[in-house]
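No gaps in the numbering here: position 84 of the sequence shown is 84 in full-length UniProt numbering, and each next residue is one more.
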Amino acid sequence: MRQHTFENHYRQTWLDFASQLDRLETGNKKQLAAAKQEDINFPESYQSICQHLAIAESRYYSPTLINYLQQLVQRGHRVLYQHRSNFWLRIIQFIIRDFPQCIRQEKKLILTATALFYGSALVSALITFYFPDFIYVFMSTNDIYDLESMYDPSSQVIRPLVREGDENWFMFAYYINNNISIAFVTFAGGIIFCLGTLYYLLINGIIIGIVATHLSVNGYADTFWPFVIGHGSFELTAIVIAAAAGLKLGLAILIPQRKTRLEALRYTAKTAINLVIGAFIMLLIAAFIEAYWSSMNSASHLRFAVGILLWIAVISYFLFTGKTRQSHETN
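#1: Helix, strand or coil, according to DSSP, for W14 in the structure here?
#2: By how many angstroms is the C-alpha of F172 removed from the C-alpha of S48?
#3: I believe F117 touches G278 by the beta-carbon criterion, under 8 Å. Please report the beta-carbon distance rounded to the nearest angstrom.
#4: Hey, quick one: how far does the alpha helix (DSSP H) through K248 stretch, first residue to last?
#5: Does DSSP put Y200 in a helix, a strand or coil?
#6: Residue 341 by DSSP, collapsed to three states: which one?
#7: Considering only C-alpha positions, which residue in the set V276, I96, L24 and A291 is nearest to R78?
#8: Between the beta-carbon of L53 and the beta-carbon of Q3, is there less than 8 Å?
#9: Skipping 5 residues on each side, what residues in its chain have a beta carbon closer than 6 Å to that of L262?
#10: Let me check you understand the geometry: is the CB of Y60 closer than 7 Å to at least one non-hydrogen atom of the ligand MN?
#11: Which whole-angstrom value is the C-beta distance of residue 332 and A244, which I expect to be below 8 Å?
#12: Classify G232 as buried or exposed, calling it buried when 16 or more other Cβ atoms lie within 10 Å of its own Cβ.
#13: What residues in its chain sit with their C-beta under 8 Å from that of V162, if we drop five residues either side in the sequence?
#14: So is K108 buried or exposed if we call it buried at 16+ other beta carbons inside 10 Å?
#15: Are T213 and T141 touching if we call contact CB-CB under 8 Å?
#16: Alpha carbon to alpha carbon, how far is C102 from S154?
#17: Alpha carbon to alpha carbon, what distance is there between T321 and I315?
#18: Can you give me the start and stop residues for the alpha helix (DSSP H) that S124 sits inside?
#19: If you follow the alpha helix (DSSP H) that C50 is in, where does it begin and where does it stop?
#20: Roughly how many angstroms separate the alpha carbons of L80 and E7, rounded to a whole number?
#21: With 16 as the cutoff for other CB atoms within 10 Å, does F318 come out buried or exposed?
#22: Based on Cα-Cα distance, which residue from D143, Y220, K259 and A305 lies nearest to I229?
Right under this line is the structure:
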């Protein structure tokens, strides 16, 4: 689409949004709240303007147009986020709209990270199946013993008959720390020209494939799979998303296009941060499920059923949540 066609198509949208801003930027707090209630579609309008700015920048339209859209976005950002009372609204909007939209916009990176993660897991699983000693390349004898003890059907480590509430809370905190640490280093590694992200993504995939195969073929499948299937949908998907965010940063440095590397980083930072925030939220959910549900002494078929439903829910969330008329309009 040529610039003049783009401007003619969206000029009225920009003028309407500017009028909204004029109303919302004036008046005291009560008047502002009333104006926001009147302009209930303001967040969606703001998202649409952000998308128009991204399109204009990616197509290298004139600096005048880009500057105009940047001013609208900056004004909209101030109006949307200037009051702390909007904090929970922003969280809800992020979860039900911004995050899934961001995932779909970055679907190429998400699919790439998914293929690398699960591909490495599959390859290592096949190698371990045919060459069982392959596990010793990555784990010591003591590590393997501890792993098998944890998932021993007679052990109460994974499925204690009784667990006090404070023990659940302790495990919840432990899982949060562990999961977020993995996701953070996977994301931050992208700054090293994607190398750190690729390393942590692949090594985690390899180890998961090795561990899953070793436990499955040595008599621990009945305890391992019912335990991991519940929280795995959130945890593994979050690691993939964190990796996609890291790749986003790394590619900005490797291929800045017509920008300087610093400008490219700034341009991609918002998207990358949104991906990471969403991944961290998913890891919180995963830690809660792992501490309070996965470790319960419930029937395996029930935990498998819940796990499958959770996987369906996660996939459906990213495919369908947050679709709006504006998002279709700008595609």
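For glycine and all other residues, C-beta sits at the position ideal for the given N, C-alpha and C.
On a predicted model such as this, the values are computed, not experimentally measured, just so you know.
Looking at the coordinates:
#1: In this structure, W14 counts as helix in the three-state DSSP scheme.
#2: One C-alpha to the other measures close to 38 Å.
#3: In fact, because the Cβ distance is near 17 Å, the residues do not count as touching under 8 Å.
#4: Note, K248: alpha helix (DSSP H), A221 to L254.
#5: In the displayed model, Y200 falls within a helix according to three-state DSSP.
#6: Given a span of 1 to 331 for the chain in the structure shown, any question on residue 341 remains unanswerable.
#7: Among V276, I96, L24 and A291, the Cα nearest to that of R78 belongs to L24.
#8: No; because the gap between Cβ atoms is not below 8 Å, this pair is not in contact.
#9: Around L262: no qualifying Cβ.
#10: Looking for the ligand MN in the displayed structure turns up nothing, as the structure carries no ligands at all.
#11: Given a span of 1 to 331 for the chain in the structure shown, any question on residue 332 remains unanswerable.
#12: It counts as buried.
#13: Its pLDDT being 45, under 50, V162 is placed unreliably in this model, and the value from its coordinates should be taken loosely. Closer than 8 Å at the Cβ level, and outside the excluded window around V162, lies no residue.
#14: Counting Cβ neighbours within 10 Å, K108 comes out exposed, since fewer than 16 surround it.
#15: Not a contact, by the Cβ cut-off of 8 Å.
#16: For C102 and S154, the gap between their C-alpha atoms comes out near 44 Å.
#17: Roughly 10 Å between the two C-alpha positions.
#18: Where S124 is concerned, the enclosing alpha helix (DSSP H) stretches over K107 to Y130.
#19: Where C50 is concerned, the enclosing alpha helix (DSSP H) stretches over F42 to S58.
#20: The alpha-carbon of L80 is positioned some 25 Å away from that of E7.
#21: So F318 ends up on the buried side.
#22: Among D143, Y220, K259 and A305, the Cα nearest to that of I229 is on A305.
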